[in-house]
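A.B. asks: Start counting the sequence shown at 91; every next residue gets the next number (the numbering used here). Glycine included, every Cβ here is placed at the ideal spot set by N, Cα and C. Predicted, not measured: the structure shown is a model, and the values here were computed from it. Handing you this structure, nothing more for now.
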Amino acid sequence: MKPSSFVTAMAAVLVLIAAQHAPLAAGRGPRVIIVGAGMSGISAGKRLWDAGVRDLLILEATGRVGGRMHKHNFGGVNVEIGANWVEGVNGEKTNPIWPMVNSTLNLRNFYSDFDGVVANVYKENGGLYEEEYVQKKMDRADEVEELGGKLAAEMDPSGSDDMSILAMQRIFNHQPNGPATPVDMVLDYFRYDYEFAEPPRATSLQNTEPTATFADFGDDAHFVADQRGFETLVHHIAGQYLSTDNAGNVVDPRLKLNKVVRGIWYNRRGVVVSTEDNSRYSADYVIVSTSLGVLQSDLIQFNPQLPDWKIIAIYRFDMAVYTKIFLKFPRKFWPTGPGKQFFVYASSRRGYYGMWQSFEEEYPGANVLMVTVTDRESRRVEQQPDDATKAEAVAVLRRMFPGVDVPDATDVYVPRWWSDRFFRGSYSNWPIGVNRYEYDQLRAPVGRVYFTGEHTSEHYNGYVHGAYLAGMDSADILINSVFNKVEFKVRGKYDDLQAAAEAM
């Protein structure tokens, strides 16, 4: 069929939908399709259900529920290859994820002692740096970060004054010519890349100093290591409105797995969603909960094309890559005990197998280590054979422990979030110069097409609680439009400035 004929045919389909959905005006709840069964999509569905919207259909591209919360059996234990931590615990406010994890579901979780890192920084060719030496460098980095937070607080809320974290470091003469030594580099990596999955040159100062998650919910982080999987949380939320089996798995016919959405047609009367298996589903509205990386790819075609302002907003944000590489060994050879959970390799190459984690409490007896890489290194390792990655990682360990008999790893697992067409990355990072205006644009609906995901969370993008709250927020936008006739309004970029001026 020619493109013009196809468009005409789809227009006819939409007219038919309008006739089928005429009762909507008489008070019946709308039909809503949710694209994606990750945290945001499932959270949005729960919010709609609680508001009385019963006609829901969830289309998930993969064969499972959970999205970027995903367990994988490795070395005889289930490890988390995606989201792993509840970040932001023990503050004045309660992270909404924490009670569900720690009380309702009782998922096994462990406090992450990141303060111990300073005592476990290894030189490029073996041996530990003196803790006092590392602590002084960390103290200086803390001081500069605090100065950066004060500078950020003085910036224009429009984002017009924003700068990169790297620029802030230069202003305060912190490593003015770049990290001078491998230990400087790896500590800088630990503070920024390890959290945001991109280097300081790419990350906004204004919107990460302080990071809202820790400022609001507390500085602690708890590592989830339950054999049921962190994704159990998503199943728990889904089970509050979808049918599940005795094991808690969603078996509701309103959830369709292995349905790869490739097209969304929309007009003022309704939507049609097409999938790769040539199925079509009609509804009044659609909520797209795919990752930002998918929105930036060509997986889903919108017809008509999304407006320019929406496309620009989608591309204003970064989709970062965070890769947790798992290695199985025949025996332990690394230091264990209190304060040894994390150890660091200070390479002269930024991000080269730098951040290591052992699992003495989490997976006792498994003899598994995890090393994290991000950004360019993530993309590089995704494109090489796993055996090459295993060899590189073991070589690093042998350099770290030159007097130790380091055996070959018996197995390796390398997640490939960037290469996976259903994700195209791990989570979003807040780039320079973006403020609430761009976030409003990112989550704003286009006609009957709504958007959600951790990338639409103004304060908590990149985190599990951000995805959870974003799903509810986007559902509320739809609910307000349908039932209260309140349309979502994108606030102007300089509204805060104008309001301040008028108040003077």
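Comparing C-alpha positions only, which one of Gly156, Ile171 and Gly157 sits nearest to Asn163?
C.D. replies: Working through the sequence shown from its first residue, we reach residue 163 at position 73. It is Ile171 whose Cα lies nearest to the Cα of Asn163.
A.B. asks: Closest to Asp501 by C-alpha separation, out of Trp507, Ala292 and Leu459, would be which residue?
C.D. replies: Residue numbering aside, residue 501 sits at position 411 when the sequence shown is read from its first letter. Checking every option, the nearest Cα to that of Asp501 belongs to Leu459.
A.B. asks: Per the DSSP calculation, Gly395 is bridged to which residue(s)?
C.D. replies: The residue you call residue 395 lines up with position 305 of the sequence shown. In the sequence under discussion, the amino acid at residue 395 is Gln, which differs from the Gly named in the question. Paired residues: none, contrary to the question.
A.B. asks: If distances are taken between C-alpha atoms only, which option among Val351, Leu345, Val350 and Thr322 comes closest to Ala337?
C.D. replies: Translated into positions along the sequence shown, residue 337 becomes position 247. The shortest Cα separation from Ala337 among Val351, Leu345, Val350 and Thr322 belongs to Thr322.
A.B. asks: Mark Arg121 as exposed unless 16 or more other C-beta atoms lie within 10 angstroms of its C-beta, in which case mark it buried.
C.D. replies: By one-based count along the sequence shown, residue 121 stands at place 31. With 16 or more Cβ atoms within 10 Å of its Cβ, Arg121 is classed as buried.
A.B. asks: Looking at the strands, I want to know which residues DSSP matches up with Tyr412.
C.D. replies: The residue labelled residue 412 in the question sits at position 322 within the sequence shown. According to DSSP, which records beta bridges pairwise, Tyr412 is partnered with Thr464.
A.B. asks: Out of curiosity, what's the CA-to-CA distance linking Val179 and Gly308?
C.D. replies: Taking the sequence shown and counting its residues from 1, one reaches residue 179 at position 89. Taking the sequence shown and counting its residues from 1, one reaches residue 308 at position 218. Roughly 5 Å separates the two Cα atoms.
A.B. asks: Which residue's Cα is closest to the Cα of Ile327: Gln531, Asp563 and Lys136?
C.D. replies: Position 237 of the sequence shown, counted from the start, is the residue given in the question as residue 327. Nearest C-alpha to Ile327 among Gln531, Asp563 and Lys136: Lys136.
A.B. asks: Can you check whether the CB of Ser294 is closer than 9 Å to the CB of Val580?
C.D. replies: Taking the first residue of the sequence shown as 1, we reach residue 580 at position 490. Taking the first residue of the sequence shown as 1, we reach residue 294 at position 204. No, these two residues do not count as a Cβ contact at 9 Å.
A.B. asks: At what residues does the alpha helix (DSSP H) containing Asn570 begin and finish?
C.D. replies: Here residue 570 refers to the residue found at position 480 of the sequence shown. From DSSP, the alpha helix (DSSP H) with Asn570 extends over Val554 to Phe573.
A.B. asks: Secondary structure at Ala270, three-state DSSP: helix, strand or coil?
C.D. replies: Taking the first residue of the sequence shown as position 1, residue 270 is located at position 180. It is coil, neither helix nor strand.
A.B. asks: With distances taken Cα to Cα, identify the nearest neighbour of Ser564 among Ser133, Trp355 and Arg470.
C.D. replies: As a working mapping, residue 564 is identified with position 474 in the sequence shown. Nearest of Ser133, Trp355 and Arg470 to Ser564, Cα basis: Ser133.
A.B. asks: Less than 9 Å between the C-beta atoms of Gly166 and Ala456, yes or no?
C.D. replies: The residue given as residue 166 occupies position 76 in the sequence shown. The residue given as residue 456 occupies position 366 in the sequence shown. Yes, the Cβ-Cβ distance between Gly166 and Ala456 is below 9 Å.
A.B. asks: Grab me the residues of Asp310's own chain with a C-beta within less than 6 Å of its C-beta, minus the 5 sequence neighbours each way, in chain order.
C.D. replies: Residue mapping note: residue 310 aligns to position 220 of the sequence shown, counting from 1. Apart from sequence neighbours up to five positions away, the residues of its chain that approach Asp310 with a beta-carbon distance below 6 Å are Val179 and Asn180, ordered along the chain.
A.B. asks: Going by DSSP, name the residue or residues bridged to Arg121.
C.D. replies: By 1-based counting over the sequence shown, the position of residue 121 is 31. For Arg121, which the question treats as bridged, DSSP gives the partners Asp145.
A.B. asks: Along the alpha helix (DSSP H) that carries Trp139, what are the first and last residues, could you check?
C.D. replies: Numbered from its first residue, the sequence shown carries residue 139 at position 49. Unbroken alpha helix (DSSP H) run through Trp139: Met129 to Asp140.
A.B. asks: Where does Tyr219 sit, in a helix, a strand or coil, going by DSSP?
C.D. replies: As a first step, residue 219 must be located in the sequence shown, where it is residue number 129. It is coil, neither helix nor strand.
A.B. asks: I need the straight-line Cα distance from Trp520 to Leu568, nearest angstrom please.
C.D. replies: Against the sequence shown, residue 520 aligns to sequence position 430. Against the sequence shown, residue 568 aligns to sequence position 478. When rounded, the distance between both Cα atoms is 25 Å.
A.B. asks: Just to confirm before moving on: does the CB-CB distance between Phe313 and Tyr201 stay below 9 Å?
C.D. replies: Counting from one through the sequence shown, the residue named residue 313 turns up at place 223. Counting from one through the sequence shown, the residue named residue 201 turns up at place 111. For Phe313 and Tyr201, yes; Cβs fall inside 9 Å.
A.B. asks: Does the distance from the CB of Met409 to the CB of Ser516 come in under 9 Å?
C.D. replies: Locating residue 409 in the sequence shown gives position 319, counting from the first residue. Locating residue 516 in the sequence shown gives position 426, counting from the first residue. Taking 9 Å as the Cβ cut-off, Met409 and Ser516 qualify as a contacting pair.
A.B. asks: State the start and end residues of the unbroken alpha helix (DSSP H) segment that holds Ile255.
C.D. replies: In the sequence shown, residue 255 corresponds to position 165, counting from 1. Ile255 to Ile261 is the extent of the alpha helix (DSSP H) around Ile255.
A.B. asks: When the Cα of Val234 is compared with those of Arg281, Val211 and Asn210, which residue comes out closest?
C.D. replies: To locate residue 234, count along the sequence shown from 1; it is residue 144. Nearest C-alpha to Val234: Arg281.
A.B. asks: For Val580, does the three-state DSSP call read helix, strand or coil?
C.D. replies: The residue labelled residue 580 in the question sits at position 490 within the sequence shown. The answer is coil: DSSP assigns Val580 none of H, G, I, E or B.
A.B. asks: Phe512: which of Lys480, Val155, Glu451 and Leu241 sits nearest, CA to CA?
C.D. replies: Here residue 512 refers to the residue found at position 422 of the sequence shown. For Phe512, the nearest C-alpha among the options comes from Val155.
A.B. asks: Spatial neighbours of Gly153 within its chain, please: C-beta separation below 8 Å, excluding the five flanking residues on both sides.
C.D. replies: For the purposes of this step, residue 153 is taken as the residue at position 63 of the sequence shown. Closer than 8 Å at the Cβ level, and outside the excluded window around Gly153, lie Leu347 and Asn348.
A.B. asks: Taking the beta carbon of Asn551 as the centre, do at least 16 other beta carbons fall within 10 Å, making it buried, or is it exposed?
C.D. replies: Position 461 of the sequence shown holds residue 551. Buried.
A.B. asks: Quick one: Cα of Gln386 to Cα of Met258, how far?
C.D. replies: As a position in the sequence shown, residue 386 is number 296, starting the count at 1. As a position in the sequence shown, residue 258 is number 168, starting the count at 1. Distance between the alpha carbons of Gln386 and Met258: 29 Å.
A.B. asks: What does DSSP give as the partner residue(s) for His162 in the beta ladder?
C.D. replies: Numbered from its first residue, the sequence shown carries residue 162 at position 72. Beta-bridge pairing links His162 to Val169.
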